[in-house]
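Each protein sequence line maps, in turn, to chains A and B.
Position one of the first sequence corresponds to residue 1 (full-length UniProt numbering), numbered consecutively onward.
Position one of the second sequence corresponds to residue 1 (full-length UniProt numbering), numbered consecutively onward.
Just so it is clear, CB atoms sit at the ideal spot from N, CA and C, and this is done for glycine as well.
2 protein chains.
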Amino acid sequence: MHIRKNSARLRDQERARLIWLLTTDKAVTSTLLGKLTLAEQYDVGTLADDIAEVGALVAHLPPPDLADTLEALPSEERHALWRLVQDHERGQVLLEASENVWDDLIDEMSDQAILDALQTLDIDDRIYLVQHLPRNLTGRLLASLPAGERARVRQVMNYEKNSVGAIMEFGVVTIRSDVTLAAVQRYLRRLGNMPQNTDKLFVTSRDKTLLGELTLQTILMNGGQIRVSEVMDADPMTFSPEDDAEKAARTFERDNLISAPVVDAAGKLMGRITIDEIVDVVYEETGNDMRAMGGLSAEEDVYAPVRRAVKSRWAWLAINLCTAFIASRVIDGFEQTISQLVALASLMPIVAGIGGNTGNQTITMIVRALALQQIQPGNFTFLILREMGVALINGLVWGGIMGGITWWLYDDMALGGVMTLAMVLNLLVAAIMGVIIPMVMTRLGRDPAVGSSVMITAITDTGGFFIFLGLATIFLL
Amino acid sequence: MHIRKNSARLRDQERARLIWLLTTDKAVTSTLLGKLTLAEQYDVGTLADDIAEVGALVAHLPPPDLADTLEALPSEERHALWRLVQDHERGQVLLEASENVWDDLIDEMSDQAILDALQTLDIDDRIYLVQHLPRNLTGRLLASLPAGERARVRQVMNYEKNSVGAIMEFGVVTIRSDVTLAAVQRYLRRLGNMPQNTDKLFVTSRDKTLLGELTLQTILMNGGQIRVSEVMDADPMTFSPEDDAEKAARTFERDNLISAPVVDAAGKLMGRITIDEIVDVVYEETGNDMRAMGGLSAEEDVYAPVRRAVKSRWAWLAINLCTAFIASRVIDGFEQTISQLVALASLMPIVAGIGGNTGNQTITMIVRALALQQIQPGNFTFLILREMGVALINGLVWGGIMGGITWWLYDDMALGGVMTLAMVLNLLVAAIMGVIIPMVMTRLGRDPAVGSSVMITAITDTGGFFIFLGLATIFLL
């Protein structure tokens, strides 16, 4: 098949090939890191070819692809590749890479080397990186800036991490409303270049109040004699710097926006947010939710070193252990019951397990719907009733089947009945708590995703053991 | 605080208010659905005001907001709101809504009413909707199209659901390479309007071969006498219709694209993909991953009726029950052991639980990294070793603590030792399987997210019980 020089597929192949070269032959990485003597290098037959190919691939791949490749490499290979990235591309590569890559690479760079890498970036990108880099270079970056920029940088650094202000860009093109489109076009030609993702210009008054926006399309499709005020959109969608970035992402998706103005409380234009920051927010938001539910820290990636992985997980493991210990004490309380009917010990995990499964399904759905703003307070009763209905039906059907099997296995009808009843009750508990936990956490202003899976499992385990062994004690002894 | 007429915050408030009006007072919905007599309506004091406010909000909110509101409503309220949506907006609202909303609303519309709603949409959107609507209207839609369009529609319908071809748009603006920018601008003015998200034009030869692309910015910033061929990007990023949509989304994110050309094997321009379809893909992809891991069907939303929710979950519940049953049989095999030492029954869920927790953390991380293409075959050994390292440390620390507590609780050092050893071993099993399961599923061409959480829990439960009770049988009896 004919593949264009720059097709997405070809770039994918090149990245995969680069990773393959660096990870399959230890000698390549060792040579790049200067750990192999010339004699040792000579022993590896294809080494020179491989090194040459790595060099060619690095030279050909653009910064975003190099950033992705760095993310897909273990630490040692990552450093080897980083050495090959050219100085003038380093800033751009860092910008596109994730926090884990920064943590890993920044260690071996001097402050000056980092600031040099930043020099190639525009001011918005520099601010973004300095804010997020593991080392605090704010002071030195500020010192390197022209005085006029410093105030702006200080301002943006004050916004909260997940706010529109934190992802806002200052690079906007503004025009006056009373000029003609021909004048706008002359102005743009003089300007020479526009910030990335500029699909529209912002129309402001002399005191920076936002009056409207004008898309590039509108400029191109109308005659040069027409005035901006005649064709601009005078009521554009705007954001405040305090707005939540995830909500802004939903608005971008809803309205198919490419960029949108950010205005202050007085309606003055402060900057803009663009779709590429928004896409990052979406990827992060959903990824974080997934990790958070299982109690996985957002900082951990697949190539974080063992030390960091242990640290990021130990808190949730400890909590999990505590809840498992409580469940264990519940069982211990029924020691008498179990010693009289050992079959209970083998049946009780079924009751607990099915509850955990149902609870997790419910909670996943609710967390997701909360993130997408599909749940409003008025719907609470409906949701609880619906989940209880689902749980009741599933409980009766599967509890009934399991009760039948138990009856048949142990030739004990009462035991089968207890099994069915326990499963129905535990499924109801799972359904109710699966709705309540995330809703209450939201009401308390907490992220409903964090650890919700661990919590629901704790409840359905403890609850399942208690319900099943309790019923057995009442009905079977 | 001053809020602009069209700020994101104001729109959020209006949607929330609309949902509140429809869900808190049953009378509003009933009236809209024509279920209340005039006398009954009169009894509700504020009803007339509420109905008027609902009407005003519906008239003011644009289609994407109405679509989001529909998604946030239970079925009855959804139908009530749908009746208020004006005919000429219905197509646009449907387009922005999710599958669940379609399923729900389409039922009460006649085929003709649906086709009428579609008439207001452009051809790309009509194809998209007809492909995904629950009712098969393909034949009638095709019949309503001009003959020239039919072949194209048939073609796009043949691409797989998650391919670039399925989200491709035909609406592109093409130009020749030998004309001047002034001529291009004259052409655009004659054209009158451009498809949404047009940030660039595609330069093609007479036989439709893609030669390059020209951004609107470039047109605006260069003199009218310059020819297209001098300023176009002759090596743009291209996609094939067979490319995976999720991979395309990663490329869009990586390269900050707004739109990109889709070419066939011969390099001829077929259409384009745009960022708004891509954002939808990202939201869907990550949401689906989350749901799939817990064995939740992609079709279920929080407002699906009980019947559908039961149906979409029953398969995974059945699988979960089977695995729980197997774990139960493992325990049953050790009945002798448990009857001699009942303490084992209360300790065994701790071993199983901690394994499930660790396994789920590992698998969540791997599934996510696979989706982001951060894992390549060459890294497999590294990942296994790293996860085993983490598991070993966690196992020794937490297993040690738990073993100590067990020793102290039951005054039995051997039991404490078995506890520690079992926890270390089960954590190792969890770590290894947490890496292997998603990797093997990917190798087999399956989605690694689907049911992976259910699978790992099954293994750590069964494994945990077997390891713990097995060790106890060997060392304690």
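Paired residues, beta bridge with residue i - DSSP
i                      : result
Leu210 of chain B      : B:Thr204
Ala245 of chain B      : None, per the DSSP bridge assignment.
residue 478 of chain A : Residue 478 of chain A cannot be examined here, being either before or after the span of chain A that is shown, 1 to 477.
Glu169 of chain B      : B:Arg272
Ser7 of chain A        : B:Thr238
Arg126 of chain A      : In the DSSP output, where bridge partners are listed per residue, Arg126 of chain A has none listed.
Ser163 of chain B      : B:Asp244
Leu215 of chain B      : The question names Leu, but residue 215 of chain B in the sequence shown is Thr. B:Lys200.
Pro227 of chain B      : The sequence given here has Arg at residue 227 of chain B, not Pro. B:Thr180.
Pairwise C-alpha distance: residue j and residue i
i                 : j                 : result
Arg11 of chain A  : Leu61 of chain A  : 8 Å
Leu220 of chain B : Ala234 of chain B : 18 Å
Asp255 of chain B : Asn357 of chain A : 40 Å
Leu18 of chain B  : Met433 of chain A : 28 Å
Thr457 of chain B : Ile393 of chain A : 24 Å
Gly445 of chain A : Trp20 of chain B  : 20 Å
Val450 of chain A : Leu428 of chain B : 25 Å
Asp50 of chain B  : Gln86 of chain B  : 19 Å
Arg9 of chain B   : Glu242 of chain A : 10 Å
Ile467 of chain B : Ile436 of chain B : 20 Å
Thr209 of chain B : Met232 of chain B : 15 Å
Arg329 of chain A : Leu370 of chain B : 39 Å
Thr364 of chain B : Met455 of chain A : 17 Å
Asp43 of chain A  : Ala52 of chain A  : 17 Å
Leu214 of chain A : Gly224 of chain B : 21 Å
Thr37 of chain A  : Ala80 of chain A  : 16 Å
Asp178 of chain A : Asn193 of chain B : 24 Å
Tyr159 of chain A : Ala166 of chain A : 6 Å
For residue i, the three-state DSSP class (helix, strand or coil)
i                 : result
Phe380 of chain A : helix
Pro261 of chain B : strand
Asp447 of chain A : coil
Asp412 of chain A : coil
Phe465 of chain B : helix
Thr198 of chain A : coil
Ser98 of chain A  : coil
Asp233 of chain A : strand
Arg135 of chain B : coil
Arg180 of chain B : Checking the displayed sequence, the identity of residue 180 of chain B turns out to be Thr instead of Arg. The answer is strand: DSSP assigns Thr180 of chain B an E or B state.
Thr46 of chain A  : coil
Val397 of chain B : helix
Met1 of chain A   : Because Met1 of chain A sits at a pLDDT of 37, beneath the cut-off of 50, its placement in the model cannot be relied upon, and the point is left open.
Beta strand (DSSP E) segment containing residue i, residue limits
i                 : result
Arg176 of chain B : From DSSP, Arg176 of chain B is part of no beta strand (DSSP E); its letter is neither H nor E.
Residue i, enclosing alpha helix (DSSP H) - first and last residue
i                      : result
residue 488 of chain B : Nothing about residue 488 of chain B can be read from this structure; chain B reaches only from 1 to 477.
Gly355 of chain A      : Ala343 to Ala371
Leu118 of chain A      : Asp111 to Gln119
Ile331 of chain B      : Val306 to Gly333
Leu33 of chain A       : Element bounds for Leu33 of chain A: n/a, residue is neither H nor E.
Val156 of chain B      : Ala147 to Met157
Asp68 of chain A       : Pro63 to Glu71
Glu108 of chain A      : That residue, Glu108 of chain A, is in no alpha helix (DSSP H); it is neither H nor E in DSSP.
Leu81 of chain A       : Ser75 to Leu84
Residue i beta carbon near the ligand GDP (any heavy atom closer than 6 Å)
i                 : result
Leu421 of chain B : By its list of ligands, the structure shown contains no ligand whatsoever, and the ligand GDP lies outside what it can speak to.
C-beta contact flag for residue i and residue j at 7 Å
i                      : j                 : result
Gln374 of chain A      : Glu71 of chain B  : yes
Met157 of chain B      : Ile273 of chain B : no
Trp359 of chain A      : Thr442 of chain A : The sequence as given places Gly at residue 359 of chain A; Trp does not occur at that position. Not in contact: Gly359 of chain A and Thr442 of chain A (Cβ atoms no closer than 7 Å).
Arg135 of chain B      : Leu142 of chain B : no
Phe170 of chain B      : Arg152 of chain B : yes
Leu262 of chain B      : Met270 of chain B : According to the sequence provided, residue 262 of chain B is Val. The question's Leu does not apply to it. Yes.
Leu425 of chain B      : Phe334 of chain B : no
Ala345 of chain B      : Ala324 of chain A : no
Asp104 of chain B      : Arg78 of chain B  : yes
Ala414 of chain A      : Leu476 of chain A : yes
residue 481 of chain B : Leu121 of chain B : The first residue shown for chain B is 1 and the last is 477, placing residue 481 of chain B beyond what the model contains.
Ile278 of chain B      : Phe239 of chain B : no
Any C-beta of chain E under 7 Å from that of residue i
i                 : result
Gln374 of chain A : Of the protein chains in this structure, namely A and B, none is chain E.
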